[in-house]
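Enquirer: If you read the sequence shown in the working numbering, its first letter stands for residue -15, the second for the next number, and so on.
Submitted below is the structure of interest, expressed as structure tokens.
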Amino acid sequence: MSAHTAIDREIRYGARNYAPLPVVLAHGRGAHLFDVDGSRYIDMMSAYSAASFGHLHPRLVKAMQGQLARLDIVSRAFHSDNLGDFCQDLADLAGLDACLVMNTGAEAVETAIKAARRYAYDELGAPDGMAEIIVASGNFHGRTTTIIGFSGDPASRRGFGPFAPGFVTAPFGDPEAIEALICRRTAAVLIEPIQGEAGVIVPPPGYLASLRRICDRHGILLIFDEVQSGFGRTGRNFCFEHEDARPDGLIVGKALGGGLMPVSAFIARRAVMDVFGPGSHGSTFGGNPLAAAVGREAIAVLRDEELAERSRVLGQTLLQALRAVDHPAIVEVRAKGLWAGVELDVNQVKAKEVCLAMMRRGVLAKETHESVLRLAPPLVIAEADLLQAVDVFREALDEVGGARSARCAG
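Here it is in structure tokens:
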């Protein structure tokens, strides 16, 4: 099938809830993707961290194939022989006690919200039906109607109300503003340690540790959403490990499925997880044997290949290379591990135009909010590919910036 035919058919028969770059991908391996015409691209997005271990990592593929030869899905109506091991490995990695396995990141966020509310009623004495969760401005936790109700993105919210109450918003990066909102209705603080969709916004040093102290002082839960930042993305297994800030609940997903299937989880202290009893929460596919096999191998790959440390080292290389790009359109470079956001002056260049120019040169990246280029390559990427991608970014900036200057002059 030609690229034109594939794109036309997708537009005709699919929902138009995405605006993809005009490239049709056919296969991939490691940090590289190939389109239907055989052109190769360096993947600088890794499916929003879902493909953090690279495309079709041989160990993950082998684990999936091995499980497929034995058992697929039986639902949680019965026990399976690998779910307990998976939950133990995941809890141990996070330094917490128990897991509730789901499928998508949004489902794991919804699970955390339910846990926080029930914990507030059962353990904190919050007034019935009035529990509140404090969130941050600029957040992005998913797209269910509950979650977008407390999102700050107008495009995610328009036309989907009415929204659920029970959420109050504080500025991101300001622990004092969060503490000022705490009252007897407060159940938890729910925060992304780094805001990815907002443009890879990195909070001030000490922010996460301050939140931990505040929550301890007031006896409320601290929950981190590490769906994108977890599993080595920021140079540690989890972003909270950069500070003394172990949460009461941790939301994970994306990379946990090894790029092969959706797997997510809410990981928590035992007292928090024990708010759930039979019938209180669940999912037909959540915790299925196939997901457990892939997720467990993903954790093993993270450890065995020391991918968090690789992310830390290559992240320094990426940050130095980006900061060396001298262009007037660059406003700011933000990064943590192999995760970077380049803020651009939209009066000079649009981020999507830069992405299109990079695509034409064999590098795939994605913009957010028109002004930010996001870079989140697979953690297995070679240093040479990483530096080539930055060179291509520089060339794309020159092309788009030059073309825009010429248009304005004309």
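Where a beta carbon is used, it is the ideal one built from N, C-alpha and C, also for glycine.
Going by beta-carbon coordinates alone, are Q179 and N123 separated by less than 8 Å?
Expert: Yes, the pair counts as a contact, with Cβ atoms nearer than the cut-off.
Enquirer: Tell me, to the nearest whole angstrom, how far the beta carbon of L74 is from that of F250; I am working on the premise that it is less than 8 Å.
Expert: Not quite, the Cβ-Cβ distance comes to about 10 Å (not below 8 Å), so this is no contact.
Enquirer: Restricting to Cα atoms, I'd like to know which of N331, I314, C199 and H353 is closest to F377.
Expert: For the residues N331, I314, C199 and H353, the minimum Cα distance to F377 belongs to I314.
Enquirer: Out of G346, D21, P177 and L165, which has the shortest C-alpha to C-alpha gap to T(-11)?
Expert: Of G346, D21, P177 and L165, the residue nearest in Cα terms is D21.
Enquirer: Just mark A99 as buried or exposed, buried being the case when its beta carbon has 16 or more other beta carbons within 10 Å.
Expert: With 16 or more other Cβ atoms within 10 Å, it is buried.
Enquirer: With distances taken from CA atoms, which of A154, G150, E107 and E94 is nearest T128?
Expert: Answer by Cα proximity: E94.
Enquirer: Are three or more beta carbon pairs between the region 287 to 299 and the region 96 to 115 nearer than 8 Å?
Expert: Result no; under three Cβ-Cβ pairs closer than 8 Å.
Enquirer: Which residue marks the beginning of the beta strand (DSSP E) containing C83, and which one marks its end?
Expert: Run containing C83: A82 to M86, per the beta strand (DSSP E) assignment.
Enquirer: Cα-Cα, which of G38, R(-7) and I(-5) is closest to A366?
Expert: The option with the nearest alpha carbon to A366 is G38.
Enquirer: Could you tell me the boundaries of the alpha helix (DSSP H) in which G233 lies?
Expert: No alpha helix (DSSP H) holds G233; the beta strand (DSSP E) holding it covers G233 to V236.
Enquirer: Taking the CB atoms as reference points, tell me whether I26 and Q372 lie closer together than 8 Å.
Expert: Yes, the Cβ-Cβ distance between I26 and Q372 is below 8 Å.
Enquirer: Flag this pair as touching only if the region 212 to 230 and the region 189 to 198 have three or more C-beta atom pairs under 8 Å; answer yes or no.
Expert: Result yes; three or more Cβ-Cβ pairs closer than 8 Å.
Enquirer: Looking at V211 and L244, is the spacing between their C-beta atoms short of 8 Å?
Expert: Cβ atoms of L244 and V211: not closer than 8 Å.
Enquirer: Look at L9 and L274 and say whether their C-beta atoms are less than 8 Å apart.
Expert: Not closer than 8 Å, so no.
Enquirer: State buried or exposed for C453, treating a residue as buried only when at least 16 other CB atoms are found within 10 Å of its CB.
Expert: Residue 453 is absent from the structure shown; the chain starts at -15 and stops at 394.
Enquirer: In whole angstroms, what separates the C-alpha of A193 from that of I204?
Expert: A193 and I204: Cα-Cα distance of roughly 15 Å.
Enquirer: Based on Cα-Cα distance, which residue from A239, T268 and K320 lies nearest to V285?
Expert: The option with the nearest alpha carbon to V285 is A239.
Enquirer: My output table needs one value for K334: the three-state DSSP class, helix, strand or coil.
Expert: The answer is coil: DSSP assigns K334 none of H, G, I, E or B.
Enquirer: Less than 6 Å between C-beta atoms, sequence neighbours within five positions excluded: which residues of the same chain meet that for G157?
Expert: Closer than 6 Å at Cβ, skipping near neighbours: P187, P188 and Y191.
Enquirer: Thinking C-beta only, is L322 closer than 8 Å to V7?
Expert: Taking 8 Å as the Cβ cut-off, V7 and L322 do not qualify as a contacting pair.
Enquirer: Which ranges would you report for the beta strand (DSSP E) in the region 222 to 287 if only whole runs of at least 3 residues count?
Expert: Correct list: 233 to 236 and 248 to 252.
Enquirer: Going by the DSSP bridge assignment, what does R43 pair with across the sheet?
Expert: R43 is not bridged to any residue.
Enquirer: Hey, E351 and A341: beta-carbon distance below 8 Å or not?
Expert: Contact flag unset, no.
Enquirer: Which word fits D112, buried or exposed, when buried means at least 16 other C-beta atoms lie within 10 angstroms of its C-beta?
Expert: Answer is exposed; the Cβ neighbour count stays below 16.
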